[in-house]
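Worksheet for the structure shown next.
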Amino acid sequence: MRIERLQTRIIVFFVVLLALVQVAAFWFVNAANSKNAHAKIEEELNVGQRVFARLLDQNADKLKLSARVLAADFAFREAIATHDTGTIASVLSNHGARIGADAMVFVDLQGNVVSDTLRPGGTSRKFEYPALLKANKNDATASMEVLDGRGFQLVAVPVLAPLPIGWVVMGFAVDDSLARDLRTLTELEVSFAMEAPQRPAFPWHMLASTLALPEQKALLAGLPAGADDTQRLVINLSGVDHQALMIPLDDNSNARIVAVLHRSLDSALAAFERLRNTLFVLAVLSIALSIVGSVAVARNITRPLETLASAASRIEQGDYVEPVRIERSDEIGVLASSLNHMRGGIADREKRILKLAYEDPLTDLANRSRFANSLEQAIEEARAGGFSLTVLVMDLDRFKYVNDSLGHGVGDHVLREVSARLLATVQSAACVARLGGDEFAILVRHATGGEDITANARRIIDALEAPILFEGQPLDVGASIGIAKFPEHGGDAQTLVRCADIAMYAAKRNKTGYAVYEAHYDTSQQEHLSLLSELRRAVERNELRLYYQPKVSLHSSNVSAVEALIRWEHPTRGLVSPALFIPFAEQTGYIKLLTRWVLREAVRQCGEWLREGMRLTVSVNISARDLMNRDLPDQVAALLHEHGVTPSLLCIEITESGFMEDPANAQKVLDRLAELGVKLSIDDYGTGYSSLSYVMRLPVQELKIDRSFISHMATDPELSTIVRSTIDLGHNLGLKVVAEGVEDLAALKMLRSLGCDDAQGFFMSKPLAPRALIAWMRANDNTFDCPNTATVQKLR
Amino acid sequence: MRTTGGHVATLLTMLGATAAAGDFTVELRDAAGKPLANAVVYVTAKTAASAPAAPPHARASIDQIDKEFVPRVSIVQAGTEIQFPNSDNIRHSIYSFSPAKTFTTKLYSGREAAPVLFDRSGLVVLGCNIHDQMVAWLYVVDTPWFAKSGADGTATIRALPPGDYRLTADSPEDQLAATESDVKIDAAPSRQLVTLKAGA
Amino acid sequence: MIVRRALSSALLALVASVSFAAAPPDVAPAGSLYARLGGTPKVTAFVNRTIDTVATDPRTNQSFDKVSLQHVKDMLVEQICSLTGGGCTYTGDTMRDVHAGHHISNAEFFGLVEVLRDSMRAQDVPLSARNELLEILAPMKRDVVKL
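Protein chains in written order, with my numbering: chain B, 1 to 796; chain U, 1001 to 1200; chain C, 2001 to 2147.
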């Protein structure tokens, strides 16, 4: 459709253009032609006039010559002198006959006609035109006059013998034959007319003409009266316009003789008409030709364009194989070859894009989307073909550590090496992909269902056993692999990957290397997810509580501090252990909000107790995340101020590993908290990766030994040695040492003997609700005796 | 007392001989008073046969010099032969159509042509066939009493016997009309002014 | 008187007839050189042109001073007509008489001959006829040229 229009457009454009050009040319040429024709007629008339004048002059010259010859003739002169009229007459007529003069007259000096061949005989009369007889001796006069009602071209010559004795007047008649002769030479119609003013009604009288009688009358009717010089006229004769020149010949008071030269405009314009018709035909022909030509040109252009357009649409539809077949050397050929190059370029680029789209640039393995596509396709084929699939998801252990501590260059090398080993190990895999980061996925098809789906996983783990060398340095990288199977574990790609993922996390948690998905893995995951959203709501709905576990001083048995521990009273689940939601909160960053809540509540509670007369230091656990928060000191300050709590009554506990996550920033925050006057405590000491030099620099006041050392220290001498060393270390650093997780009296006693400052644990009390704590405090008078021997007071 | 001489005089007078002829000078003027040269004047006696005839073999000459007649104007008595000497080296073919003498004569170089007798009175206008401008006026008169005026316009007729005459004057070169008048001549020399007016 | 008149009439008639007989014919006799020269019209034309030319050319015109050219032309036509079998009778004088006293030089003579030749050529007179005429006129040189 598009092409058709272009073709039509070309044709229409060219035809219209050419038609316009033709019309314009025709019009201009026609106008010029017409102008030319009229100019030509003008010119013809002018030329005719000049020829006419010349002919008349020639006639006159002939007459003059002959008259002079005659006037010189001796015999003639003698005859005149001797008044021999007979001889005179015969000489005149002979001479006249010789040159064809129609009138020969001899006039004497008095102006009397002596002899006249035109009107011989008759009475003596005067010559009608005495004005003619005025020439001097050597000259002759010529004139156009009327004699006897007919026009004559007259010449008068004096006869000398030796004095003038008279005049010879010779004349050619102005008759139709003269007019016809003149017409032959001038190619104009010639008429001689005489105007006789005596008849004003119809003054003109025709003397001679080349026209037929009726037209003569019409001509005479068209002549203006009384003209003195040459006039241009248009006279209509028999319905045809004639362009005419009216030329006065000799002015005479009696009668005016004029010559009218004219030409019918028709005949003059005939040639012009012919030319115009020819031009018209030419114009029509050329328009027709141009139609044909432009159709041909348009086809010549639009056909290959059609081909190109269809080639382009093929390319658009993704067919990059078929080249455009147009062999021309002109612009269209150039376009076709460009299109071909483009096609090739597009094909190349598509390959590269596909590569980018579906390949992981670092490892050249498939990427996540390709894996997903392959998996989907495999699922369909497996479903149709009745075979099973295995999806393995692999996560490298400790990769983050490698990347952070050794740099991304090493990390990339590790990934590449891992990829290579993967490919080498699972050659039969349908797809090996890097899902991102340090996560990989493998898709394996099984022809039959009974294969050992864990075999691959084992082989991979074995393959990764050997350390990866980087510049000669060995790096140990392990992996956790989760396995999910189609159709057992899921019917679509997303489910299978998720199951494998869950299995992988399970393997990681349990440090089993690989794990096949089991349904129960999922629920906790799912549970966790829903828990998180519920947790959000928990904050809003005040489902969170702070319980406080008292810390007993081993020196004084006083209880002057408590640790605030978060508890969640879920409406349906009941009391939810923090172990179930704190890790999640930490991972998701929700911990910040929880911490804020905890701080607020703890400070508030502390303030409340203070006003009630109970002075208790409240310890609050915060996470490493919270330590990154530079606004934390200000928030704490604001809370303290808000609730009127002395900063030293607040103690902030951070785990050993929490400090170490970002030591520099942690230092800053801790310094500011210390400046506030808030106490700081290292929690779970002994289980994290701290360095002593760092610990020395921290502005902490307290060190809490992790429960793992405390709970069996009574029975394990190694543990008690560690505890003892830790207490010494803490004291040497100037820190107060607190033991967590005291569960029996023996431990308590031992701790006391080792010099530990405070103790905290179920043996003394479990974490209590605020009112319960107060009750316990009152009941124990704010002390807890550490009995030496038998009496054990267990309070609940 | 009548002497013989006196008788002879009377006889002569009776015979018509002039007894005491005087000069008759005519002053020829045009209307403006300008003296007319080359004009002719002649008198014819009113009484018939009182004029003596021209002597036989009277000769006059009209020469052709430099393609002109010289003199252009001449007056002779009838019966005079006119010689045309042709002082030009080239030939002339002179002619006249005048009724008084119609003739043609070829005057060749180096050859003497026969003189032509002019025996009739009248004005003879001479021309040359070869040289159109050549023109001469020859007055042939029946009287011996004639004269041609000089540059001063005076023409003197010598020894004109007294008597009644008819005087004719003409100045052909000036295209003035000839005039005639009666004049009475006596013995003494006399003078007359004749004015010629323009005419055909 | 009557006799005289009759005599003069007869004389005149004779002269007239002689004049007429002398006049160049309207139709040249067939086969004559006069006819081949073009007859009266052409001969008149080239004679006219010749005389007009030599009478105005300073090299040749002094012998035409005051001369009636028409007379010369007429006589020349008559002479040529009579010499070339045109049937005319030449009524003019002999060449010697005509040119006596004119002191025509060779240069003038040849000048006229040249002009005559040119004029004939201008009238498209054929070469042979031209040469024939010139041959006829050539012997006149000794009568014409007299220093």
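Ideal Cβ placement from N, Cα and C applies to all residues, glycine included.
Under the three-state DSSP convention, the category residue i falls into
i, result
"residue 537 of chain B", "helix"
"residue 756 of chain B", "coil"
"residue 468 of chain B", "strand"
"residue 462 of chain B", "helix"
"residue 740 of chain B", "strand"
"residue 594 of chain B", "helix"
"residue 333 of chain B", "helix"
"residue 217 of chain B", "helix"
"residue 1098 of chain U", "coil"
"residue 1067 of chain U", "coil"
"residue 508 of chain B", "helix"
"residue 1109 of chain U", "coil"
"residue 206 of chain B", "strand"
"residue 324 of chain B", "coil"
"residue 615 of chain B", "coil"
"residue 578 of chain B", "helix"
"residue 517 of chain B", "coil"
"residue 1148 of chain U", "strand"
"residue 643 of chain B", "helix"
Own chain, CB closer than 8 Å to residue i, minus 5 neighbours either side, in chain order
i, result
"residue 287 of chain B", "15, 18, 19 and 22"
"residue 776 of chain B", "550, 765, 768 and 795"
"residue 88 of chain B", "76, 79, 80, 106, 114 and 115"
"residue 1165 of chain U", "1043, 1044, 1045, 1046, 1145, 1182, 1183, 1184 and 1185"
"residue 344 of chain B", "320"
Status (buried if at least 16 other CB within 10 Å, exposed otherwise) for residue i
i, result
"residue 1194 of chain U", "buried"
"residue 2099 of chain C", "buried"
"residue 144 of chain B", "buried"
"residue 27 of chain B", "exposed"
"residue 274 of chain B", "exposed"
"residue 469 of chain B", "exposed"
"residue 541 of chain B", "exposed"
"residue 2060 of chain C", "buried"
"residue 546 of chain B", "buried"
"residue 720 of chain B", "buried"
"residue 696 of chain B", "exposed"
"residue 401 of chain B", "exposed"
"residue 83 of chain B", "exposed"
"residue 735 of chain B", "buried"
Residues near residue i by beta carbon distance below 6 Å, same chain, minus five either side
i, result
"residue 2012 of chain C", "For residue 2012 of chain C, the pLDDT reaches just 44, beneath the cut-off of 50, and the residue's location in the model is therefore unreliable, although a value from the coordinates is still provided. Cβ within range, chain order: n/a, list empty."
"residue 594 of chain B", "585"
"residue 260 of chain B", "191, 244 and 246"
Beta-carbon proximity list for residue i, same chain, < 7 Å, skipping 5 on both sides
i, result
"residue 177 of chain B", "none"
"residue 2030 of chain C", "none"
"residue 388 of chain B", "382, 446, 449, 485, 486 and 487"
"residue 2045 of chain C", "2123"
"residue 2079 of chain C", "2090 and 2092"
Check: residue i C-beta below 8 Å from any heavy atom of the ligand SAM
i, result
"residue 1066 of chain U", "This structure lacks the ligand SAM; in fact it carries no ligand of any kind."
CB-CB length for residue i against residue j, believed under 8 Å
i, j, result
"residue 1178 of chain U", "residue 1118 of chain U", "Wrong, their Cβ atoms sit about 19 Å apart, outside the cutoff."
"residue 1156 of chain U", "residue 1023 of chain U", "5 Å"
"residue 63 of chain B", "residue 170 of chain B", "5 Å"
"residue 2104 of chain C", "residue 2068 of chain C", "Not a contact, Cβ separation roughly 18 Å."
"residue 85 of chain B", "residue 103 of chain B", "Their Cβ separation, rounded to whole angstroms, is 17 Å, which puts residue 85 of chain B and residue 103 of chain B out of contact at 8 Å."
"residue 2133 of chain C", "residue 2084 of chain C", "7 Å"
Point to revise | alpha helix (DSSP H) runs contained entirely in the segment 71–142 of chain B, provided each spans 4 or more residues | key: Within the segment 71–142 of chain B, complete alpha helix (DSSP H) segments of at least 4 residues are found at 74–81 and 85–99, given in chain order.
Point to revise | Segments assigned beta strand (DSSP E), at least 3 residues, entirely inside the segment 2042–2127 of chain C | key: none
Review point. Counting only runs that start and end within the segment 344–396 of chain B, where is the alpha helix (DSSP H) found for 4 or more residues in a row?
Key: If we require 4 residues or more, the alpha helix (DSSP H) runs fully inside the segment 344–396 of chain B come out as 368–385.
Exercise for review: Please list the segments of the beta strand (DSSP E) lying wholly inside the segment 226–273 of chain B, counting only runs of 3 or more residues, in order along the chain.
Suggested key: 231–237, 240–248 and 256–264
Point to revise | Ordered list of alpha helix (DSSP H) runs contained in the segment 661–702 of chain B, each at least 4 residues | key: 663–676 and 692–697
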